[in-house]
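Numbering (the UniProt record's numbering), first residue to last: 1 to 333. Structure record follows, encoded as structure tokens.
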């Protein structure tokens, strides 16, 4: 019941604002950065390294608080805390902890052009982030690499796949409105049908235009209306009409428009239970969402997959990697 009231309270504030947040990592009460810095320093100096203390401290502090700890650590130890952690840790634990030492936006920023394009990450980030988040990502990308994300996406991708990603990076999506335009909803639903299932081939530019420029609440209604025209729902139509990275991108978009947290829960379930759990995907989602909406992702996970995310982590991971993931997910609710 608490979750329901929390959701309703957040939704009432969401018109024209940032998306509601449901973090599992929240500011620690009675926060003392000097005390935490001392604990981290002792943990690093301990013979064999006290990984548990590092996990306990850093998974229970927000990025803002971790930044204060790093500042206090540097004053105290006369060395950079991120470098010290990098030297003390290894493997999956090191990957997660170093990820936590970045802001959510810094962590989301894709690698620069020439560093090897990871299409899966590029699709996930550009197709699941809001306008506000994409604006921040472009800004931080320029600060970090002195390059324009739009130009690099254009250089690293091609065809309709590139056109879709570029349309998203240009952040032309309309803000949610309290006014429901039923005529426009019907017009867009019919346009999606006539640009795809109704004709031979696919008018991809029309799909790109509608899916990159309309607000999320509007598109949710468009996809419902679409079923009045097409024998297939929007996801089924995408599978029938386009292939490859373009298909993957459209599917991520539609899944996130319909229920973003369920999309991430499904990705976690797939990654956890695949042969040799895809740690990269699990790490990316949990680290990037822990201060955003991981609580709601956990809720969707339990509702749709019959067990808690925490239980799945216990079953499919081990050691310090398991401990750090559980620390970020928080207790099972």
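Where a beta carbon is used, it is the ideal one built from N, C-alpha and C, also for glycine.
- If only complete runs of 4 or more residues are kept, the stretch 210-294 shows the alpha helix (DSSP H) at 216-226, 234-241, 244-273, 279-289, in order along the chain.
- Around the Cβ of residue 293, a 10 Å sphere holds 16 or more other Cβ atoms; the residue is buried.
- In the displayed model, residue 201 falls within coil according to three-state DSSP, outside both helix and strand.
- By the 16-neighbour rule on beta-carbons within 10 angstroms, residue 28 is exposed.
- By the 16-neighbour rule on beta-carbons within 10 angstroms, residue 211 is buried.
- Where residue 52 is concerned, the enclosing alpha helix (DSSP H) starts and stops at 51-58.
- Within the same chain, Cβ atoms closer than 7 Å to the Cβ of residue 285 are found at 264, 267, 268, the five residues on either side in sequence being excluded.
- Going by DSSP, residue 65 is part of the alpha helix (DSSP H) stretching over 63-77.
- When secondary structure is reduced to three states using DSSP, residue 88 falls in the helix class.
- In the three-state reduction of the DSSP assignment, residue 145 falls in the helix class.
- The three-state secondary structure of residue 129, taken from DSSP, is coil.
- Considering only 150, 191, 301, 290, the residue with the shortest C-alpha distance to residue 327 is 290.
- Each of 245, 74, 19, 131 was checked against the Cα of residue 36, and the nearest Cα belongs to 74.
- No Cβ-Cβ contact shorter than 8 Å links residue 100 with residue 144.
- In its chain, beyond the 5 residues on either side, 223, 226, 254 have a beta carbon closer than 6 Å to the beta carbon of residue 234.
- The alpha-carbon of residue 278 is positioned some 41 Å away from that of residue 178.
- Looking only at 67, 23, 47, the smallest Cα-Cα distance to residue 32 is reached by 67.
- With fewer than 16 other CB atoms across the displayed protein chains lying within 10 angstroms of its CB, residue 244 is exposed.
- Nearest Cα to residue 47 within the set 63, 83, 89, 76: 89.
- Apart from the 5 residues on each side of it in sequence, residue 217 sits with its Cβ closer than 7 Å to the Cβ of 176 in its chain, given in chain order.
- Spanning the alpha carbons of residue 185 and residue 229 requires a straight line of approximately 12 Å.
- In this chain, the alpha helix (DSSP H) harbouring residue 104 covers 104-108.
- In the pairwise beta carbon analysis, the stretch 150-168 is classified as touching the stretch 122-132: at least three pairs are separated by under 8 Å.
- In the structure shown, residue 317 adopts coil according to DSSP, grouped into three states.
- Distances from the alpha-carbon of residue 170 to those of 198, 200, 307, 208 put 208 closest.
- Note on geometry: alpha-carbon atoms of residue 281 and residue 271 lie some 7 Å from one another.
- Distance check between residue 317 and each of 173, 141, 203, 92 places 92 closest, using alpha-carbon atoms only.
- A residue is called buried when at least 16 other Cβ atoms come within 10 angstroms of its Cβ; residue 321 meets this threshold and is buried.
- Burial is judged here by how many other beta carbons sit within 10 angstroms of a residue's own beta carbon; residue 55 has at least 16 and is buried.
- Between residue 181 and residue 214 a beta carbon distance of about 10 Å is seen, past the 8 Å cut, so the two are scored as non-contacting.
- Secondary structure of residue 190 (DSSP, three-state): helix.
- CA-to-CA, the gap between residue 250 and residue 80 works out to about 42 Å.
- Taking C-beta atoms as the reference points, residue 96 and residue 137 fail to come closer than 8 Å.
- Between the alpha carbons of residue 40 and residue 87 lies a distance of about 13 Å.
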